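Structure first, commentary second.
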Amino acid sequence: MSLPPTPHTQCLSCSSFKVPPLDGSLMIPQIYDWHQQQSSAHRVFVYAEDDQGPIRTISWSETSLAIARSYQMVHKRLAGLPEGSVIGILSGSDSIPYVTFSMGLMRANYVPFLMSNRNSPAAVAHLLSKVDVKHLVIGREQAMHDLAQEAFALLNVQNVDTALPETSSMPVFDELFTPASENSLGTNLSALPYRSRGADAPALILHSSGSTAFPKPVTFSHQRLLQIARAPFYGQRDLTDKLYSLHAAPMFHALGIIHVMLAMSTGIVLTVFAPRSPAVVPTTDTAIHGAMTSNCDILVAVPAMIEAWSRNPDYVNWLKTRTGILYSGGPLNKGAGDFMVSNGVTIFCLYGSTESGGLSVILPAGTPKEWEYFEIAPHIGYKMQHFANNEYEFIHVANETMRPNVINTQVDGMDAYATSDLLVPHPTKKGFWKVFGRTDDQIMHSTGEKTNPGPLEAMMNQDPHVSSGVMFGRGRFQAGIIVDPKPQYAFDPSDETKLAEFRNKIWPTIEKMNAYAPQHSRLFKEMIMVSKPSKPFLYTPKHTVRRAAVVNLYEEDINLLYKTVEASAQSNIPPPAQWDAAGSTDFVRRVVWAIMTHKVAENDDVFQHGCDSLQATHIRNTILQALREDAKVETRNLSSSFVYEHPTVSALGAFVSSVALGTANTSTSPAARVEAMQAMVAKYSSNFPVHKTILLNAAQPVKDVVLLTGTTGALGSHLLVKLAKNPEVKRVYALNRASRGQVSLRERQAKVLAERGLDASILDTDKVVLVEGDLTQQNFGLTEDVYKQMHHSVTHIIHNAWKVDFAINLPSFEPQVQGVRSLIDFALTSHLPSSPRVLFTSSMATLQNAPADQLCPESPVDPFWTDASGYAESKWVSEQILYAAAAQAKANTLVVRVGQVCGGPDGIWNASEWYPALVQSASKLGCYPDDDKVRAHPFPSLQPRRSGTANPRCVQAVNWIPLDIATDAITEFRRAPDATHTVNLAHPRPAPWHTLAQAASDALSVPIVPFPTWLEKLEAQAVAYGAQSPAAQAETIRGLRALHLLPMFRGMLQKEGKAKGRIALAMADMDVRLAQAASPTLADPAVRQLSAEDVKRWVAYWRKVGLLQA
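In this note's numbering, the protein residues as written are 2 to 1111.
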């Protein structure tokens, strides 16, 4: 095989990647070997361990080693099977091991058949027999084993003489990616034998969408894979080293596997979810969070994901900073696409199919405003066959650079594939096309999946109550059907009782259709429409229904149905007699079984057993309806994703019971909330150790030895550098949780320091000791030697690590609270004469609900003051445990309540916080709020110390503290007097709000107005917002995020009349006298005060990240 040379468009500036021979001299498996030698350091995969990082990179060197391990596994498992045998893979798409093991199969000269795990048992059975699968590799999820066993049972019934394939388990990440020292092959993948079976031999098998009952297998030869891999060389952008997010693209789908080919040919980098078993189930949120954390350039997604992202202002603001979104697999809602593009997001359409591969340019050079249109790539042979009006069927014609996988026609003597896709040309731009529909009426959903209505409608038409049925759902998340009853059963569907009765009559037929259809094509009862007498069905003279005409006739009704589907619920499931744990769990069980149409064990994750987002919506709505109507519970404050948060029947049942009984955090009374907090305090505040010196002649170290937790975050990394450069500190043990991947803590820490512009050379000294451990484990999960070394030397503990998640409840923070107790025990059992001081970074969230006339003290506070979130509650609980340790066991503890930390000298301030939203409002409202009232100083005794002048009157001010000053103060707090157990970390020299307001006003070119005036304008916008359509609301909120914070701003105004204890905008004031006594930085009368220059830096940063217009 010889392919023509490709244009020189890729790898123009990347030094780590080399373009392999793509002329046919090497097959795809041989290119693996080639990259091991030529591109060994180039990245193949990138993933984040979690939303906060760290980032893990896997190179070609590591990937090649994993392929070698896969090769060994394959030969051991498949001994006796001839090369070229088809090996099926039926597994969740855990991207890295899935791809690597598939590569190993190809390298061992077998043909992997990548099967969707969403197929029905009948479809799996069909595919296994259709391509004569000799061995089936099954994912370790129980759902995959169940699916395989059901498929095998069908094969036994249908074809008793056909031997079932042998089976084995899908390897997990740790089995493939192990240190080289554990791999007998080392890194020499090329030493493994490979015998080419020819360019036309099968290399890989996928299957078409399950839009009919039985998907069709599609075989890719080695030549075809090479042709697909060459596609970007005919594009208009250099893609080498660009990070492609495949979080939303399963690897058994053509959209995923195509990009694996591009990684080999052009060196694109694949960003995916962290390896997990079972695999992570992508949602709209987890997919984009994965893309954000890995800092990808291009997101690959199906339309349903993009439509969901368009409704989140933060997602849109981030997406417009990326190279673009590449969508494929179905039509993207035009309103959503237009909105994204109008807000600066670049959208690329990848037109293609499993049968043909990618057909449009990958990728165009510009940022197309008319995002629906695309150009056919110049190396593609094709013919536009006129169909009707201005519509043309695209026919892919084979040529020397690109041949379809499936041949079903000929054009001028050349093999070709008639796609059945109808395209329409751009009205003015020659050569640009967009997809209009299908010649075969196949329905393309916004998920990228397809429904073939023909067989399903034929089944519907056999029902004795029905004349005909027409399915719909193009561009929608789910399918529906309009049913035309036979004349004797006709009625007005506005009669809800008769509509329910008719749906029940035809439901047995619907059940048969659902048993036949793929999962994404199944019909819910709420999606059954009935024809109206005022809109009779349109038929041909042969009494064949005119499908397109009927769908157009009922367009308004269909749109209305989709608008109300979110409120749909299974109303035929009675609520429990009692909303206790047993009754609620039984109710949830019946709901889940009814909606999923099969049983799921109590403690099984429903999403690992086939539950998709549509079914999760129906489960949620059914539960909400029962809670509202039977338990009389206000449900508007419940999380929209509570099914995802409680993914088992038992967990969801417990949650529902807690909501119904008023014990859930979402609806708990303040008293019950405090009771839970105090119970956790009691659990961890007894039986403290008694400190005693164990070592004979032990002496207190002259210099400090600090145990610092959480050094890979913003504050932690700054603290690490500050302590490492402090001459009074001998050593810093930086304790962090172990990475789930192979990235060492040193690599993670070095990257974090470099990203923040901090000195990473501290890691090269013996002063910094990086330690991976877990505070909930015995000896922190460390080796005995390391633990003893720390136990014998640590003089100070700064506990900075904490889970930041405001959506979860207090019980989910118990591991963090347990970690606090572990550190206290570590300190009290120290071998030094004086037990180490334990400094805990708490939060001003514990003061959120302080009384308006109260100066927040540097002492224990009332639990009712805490914000009603698990995060704030866990901080308060930990404070109390530290106080108890000090009182009961004389532990040396210090609570540091960290106030509002603002941007430091670099101006970086998280754009998602409340103050950036207030600044953003200025342009929309045409003004900026001031609070320049002069009033008596609320606490005259504090005035001299805080401002340096004994002025009995003061202007409104803010006590925000820059990150660099906060870091200095915390490092100094370790030497605070032993009698001090609490300090509030806020700026001791509050800056006049008017000064900051004037600077913001100047930067944004808007006038300053009194705060009540600004709030009136925001209220007016809220009224207008309430009258807008959902699409218009989404657009409004993107440019005026302050609308979401309106209750908070109203609260500020309500507190304005209570001056005492309040600073600017009636925010709570914090006493900082003890903090000043413990920190020379804060005690310095010349400590840097916030000024207009700070505001300028913040505004510049927010413009850079897209919050503000440039």
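Every residue gets a Cβ at the ideal spot worked out from N, C-alpha and C, and that includes glycine.
Since we're looking at a predicted model, the values are computed, not measured.
Item: Assign Glu603 to one of three DSSP states: helix, strand, or coil.; Value: coil
Item: What residue range is occupied by the uninterrupted beta strand (DSSP E) comprising Asn560?; Value: Note, Asn560: premise wrong, no beta strand (DSSP E); alpha helix (DSSP H) at 556 to 565.
Item: In the DSSP assignment, what are the bridge partners of Thr410?; Value: Ala417
Item: Apart from the five residues just before and just after Val173, which ones in its own chain have a Cβ nearer than 8 Å to its Cβ?; Value: Asp95, Pro98, Arg141, Pro276, Ser278
Item: Check Tyr235 in the structure and name its three-state DSSP category.; Value: helix
Item: I'd like to check one pair, Ala549 with Ser295: are the Cβ atoms closer than 7 Å?; Value: no
Item: Go through its chain and collect everything with a Cβ distance to Ala1101's Cβ below 8 Å, but skip five positions before and after it.; Value: Gly908
Item: Roughly how many angstroms lie between the CA atoms of Val589 and Gly663, to the nearest whole one?; Value: 18 Å
Item: How would you label Val607, buried or exposed, when you count the other beta carbons within 10 angstroms and need 16 or more for buried?; Value: buried
Item: From this set, Leu327, Pro8, Tyr393, which residue's C-alpha is nearest Ala420's C-alpha?; Value: Looking at the sequence itself, residue 420 is Thr, so the reference to Ala does not match. It is Tyr393 whose Cα lies nearest to the Cα of Thr420.
Item: Measuring CA to CA, which of Ala399, Gly1107, Gly714 is closest to Asp413?; Value: Ala399
Item: Look at the Cβ atom of Leu856, then the Cβ atom of Ala1043, and state whether they are nearer than 7 Å.; Value: no
Item: If you pair each beta-carbon of the stretch 240 to 252 with each one of the stretch 6 to 13, do three or more pairs fall below 8 Å?; Value: yes
Item: In this structure, what does DSSP give as the bridge partners for Pro486?; Value: Val467
Item: What residues are listed by DSSP as bridge partners for Leu709?; Value: Ala735, Ile799
Item: My output table needs one value for Ala912: the three-state DSSP class, helix, strand or coil.; Value: coil
Item: Taking only runs that begin and end inside the stretch 18 to 91, name each unbroken beta strand (DSSP E) of 3 or more residues, in chain order.; Value: 44 to 49, 56 to 60, 87 to 91
Item: Are the CB atoms of Pro837 and Val896 within a distance shorter than 7 Å?; Value: no
Item: On a Cα-Cα basis, can you pick out the residue from Val644, Ala923, Val87 that is closest to Phe114?; Value: Val87
Item: How should Val158 be labelled, buried or exposed, when 16 other C-beta atoms within 10 angstroms of its C-beta is the threshold for buried?; Value: exposed
Item: Count the other C-beta atoms from every protein chain shown that fall within 10 angstroms of the C-beta of Cys350, then say buried if there are 16 or more, exposed otherwise.; Value: buried
Item: Counting pairs of beta carbons, one from the stretch 963 to 976 and one from the stretch 876 to 887, are three or more of them closer than 8 Å?; Value: no
Item: Going by DSSP in three states, His619 sits in which element: helix, strand or coil?; Value: helix
Item: Quick test of your reading: Pro304 and Asn334, contact by CB under 8 Å. State the CB separation rounded to the nearest angstrom.; Value: 7 Å
Item: Identify which residue in Leu639, Ala109, Lys135, Leu155 has its Cα closest to the Cα of Thr127.; Value: For clarity, residue 127 is His in the given sequence; the question names Thr instead. It is Leu155.
Item: Quick check: what's the CA-CA separation for Ser948 versus Trp61?; Value: Note that Ser948 scores 39 on pLDDT, short of 50, meaning its location in the model is unreliable; the coordinates nonetheless yield the value given after this. Distance between the alpha carbons of Ser948 and Trp61: 60 Å.
Item: For Gly871, count the other beta carbons within 10 Å of its own beta carbon; 16 or more makes it buried, fewer makes it exposed. Which is it?; Value: buried
Item: What did DSSP end up calling Phe102 once you bin it into helix, strand or coil?; Value: helix
Item: Nearest-angstrom Cα distance between Leu759 and His290?; Value: 26 Å
Item: Taking the alpha helix (DSSP H) that Glu167 falls in, what are its first and last residues?; Value: Premise fails: Glu167 lies in the beta strand (DSSP E), 167 to 170, not in any alpha helix (DSSP H).
Item: Starting from Thr429, trace the alpha helix (DSSP H) in both directions and tell me its first and last residue.; Value: Segment: none, Thr429 is in no alpha helix (DSSP H) and carries neither H nor E.
Item: In angstroms with no decimal places, state the Cα-to-Cα distance between Glu748 and Asp765.; Value: 12 Å
Item: Do Ile90 and Met265 have their CB atoms nearer than 7 Å?; Value: no
Item: Spatial neighbours of His719 within its chain, please: CB distance less than 6 Å, with the 5 preceding and 5 following residues excluded, ordered by chain position.; Value: Thr968
Item: If I'm right that Leu1047 touches Leu1019 with Cβ under 8 Å, what's the distance once you round it to whole angstroms?; Value: 6 Å
Item: Do Tyr1026 and Thr1014 have their C-beta atoms within less than 7 Å of each other?; Value: no
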